[in-house]
Amino acid sequence: MLRRTPATILVAHRMDVGRRELYVEGVRDRVFLNWLVGDTRDTKASIVPIDQVELPEVDLGGNRERLKVFLQQVVSQPANIRGLIDTDHATFIEEAFPPNAWMTDLRDIEGYVLSEENVDAALRLGYGIDRVAAVNVLASTHEVGATLASIRLGSEKLGLKLPVSSANLSRCSKATRNGQITLDVQRLLQSLLQAAGISLGRLPEVTTEVAVARELIATFPIEQVIHGKDCMKILTLQFKALGSREVADAAPVLWSSFKREKLTEYPVLNDIVTFLTKA
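Residues 558 to 836 in the working numbering are what the sequence shown spells out, letter by letter.
As structure tokens, then:
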């Protein structure tokens, strides 16, 4: 893939003053937003994954950090460039963002398709399951999701970089035929420490930090703290336990459950559509 440098991007904007670009963290973000805008998108407006920008100076923090750095580099330039960044832990940890950045209305972009309505559509229409209520399934999802969010936050505060995203949740959780799921937290923490090459002697310290993080998280709306990709993995396990033989990954069905008329409920998402829409 040929990447453009920030300087090259700015030259293109100087040559075409009507140009508008929204930079996002990943391809899924671009596809979702392109679908959301549909035929109303201005021909001079485009959505670009940050992977298409050359930023050799950023080697930590993933695409989210790359996007923050890029937006900061172009914020004072004469270019109509904006970015959409996952809010992540900024809900409860102070974090600075450039003024040309939008933060997701919820914890991350996946949150837009994780409401009770989305889960209900996935259960009934996607997988033909109607013997359990989506609200009960989602309550269990939220409980496990909040625990994983606590581990992420505790790991960040201790500077451990525990690989929560790559954890095999099926090995340390149990999903039942009534849609509930429970997590063996100690087993998961042990697995994460081992995967990170950290001594299990730090398990008590990590356990304590996770408990502190869990108390903090409990003071915020659940939609603002749970990690969207975590919840999609959790729901996949729940749907499988409910008896659907078709579930390999619940994410595609959940993404397809979003309704455009819900746009007005999300101010940031609405602003982005306005930014991309024909004048």
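Glycine is no exception: its CB is placed at the ideal position from the N, C-alpha and C atoms.
Computed from a prediction, not measured in an experiment: that's the story for all the values here.
Here DSSP, grouped into helix, strand and coil, assigns residue 644 to coil. Counting the other CB atoms within 10 Å of its CB gives residue 743 a total below 16, which places it among the exposed residues. Classified as exposed, residue 592 has fewer than 16 neighbouring CB atoms from the shown chains inside 10 Å of its CB. In the three-state reduction of the DSSP assignment, residue 611 falls in the coil class. Ranking 566, 787, 716 by CA distance to the CA of residue 704 puts 787 first. Between the alpha carbons of residue 676 and residue 695 lies a gap of roughly 7 Å. Non-local beta-carbon contacts of residue 561 in its own chain, meaning distances under 7 Å to residues more than five positions away in sequence, involve 609, 610, 611 in chain order. Non-local C-beta neighbours of residue 639 in its own chain, meaning closer than 7 Å and more than five positions away in sequence, comprise 579, 657, 659, 832, ordered along the chain. Per DSSP, residue 814 is not a residue of any beta strand (DSSP E), being assigned neither H nor E. Beyond the five residues adjoining it in sequence on each side, residue 718 comes within less than 8 Å, by CB distance, of 712, 753 in the same chain, given in chain order. Assignment of beta-bridge partners to residue 660 by DSSP yields 642. Under the criterion of beta carbons closer than 8 Å, residue 770 and residue 723 do not qualify as touching, at roughly 20 Å. Contact between residue 664 and residue 782 holds: CB atoms are separated by about 6 Å, below the 8 Å threshold.
For the pair residue 666 and residue 586, the CB atoms are nearer than the 8 Å cut-off. Taking a cut-off of 8 Å on C-beta distances, the region 734-749 does not touch the region 625-641, as fewer than three cross pairs fall below it. In this structure, 826 is the residue among 826, 644, 835 with its C-alpha nearest to the C-alpha of residue 589.
Apart from sequence neighbours up to five positions away, the residues of its chain that approach residue 806 with a beta-carbon distance below 8 Å are 789, 793, ordered along the chain. No Cβ-Cβ contact shorter than 8 Å links residue 643 with residue 824. Under the three-state reduction of DSSP output, residue 834 falls in the strand class. Here residue 704 carries a helix assignment [DSSP, helix/strand/coil]. The residue from 596, 812, 582, 602 with its alpha-carbon nearest to that of residue 570 is 602. Put simply, the backbone Cα of residue 701 is about 11 Å away from that of residue 731. Classified as buried, residue 691 has 16 or more neighbouring CB atoms from the shown chains inside 10 Å of its CB.
Put simply, of 834, 598, 756, 672 the residue whose alpha carbon is nearest the alpha carbon of residue 814 is 672. Annotated three-state conformation of residue 622 is helix, per DSSP.
Comparing alpha carbon positions, the residue from 738, 773, 729, 614 closest to residue 799 is 738. Linking residue 758 to residue 764 through their CA atoms gives a straight-line distance of about 11 Å.
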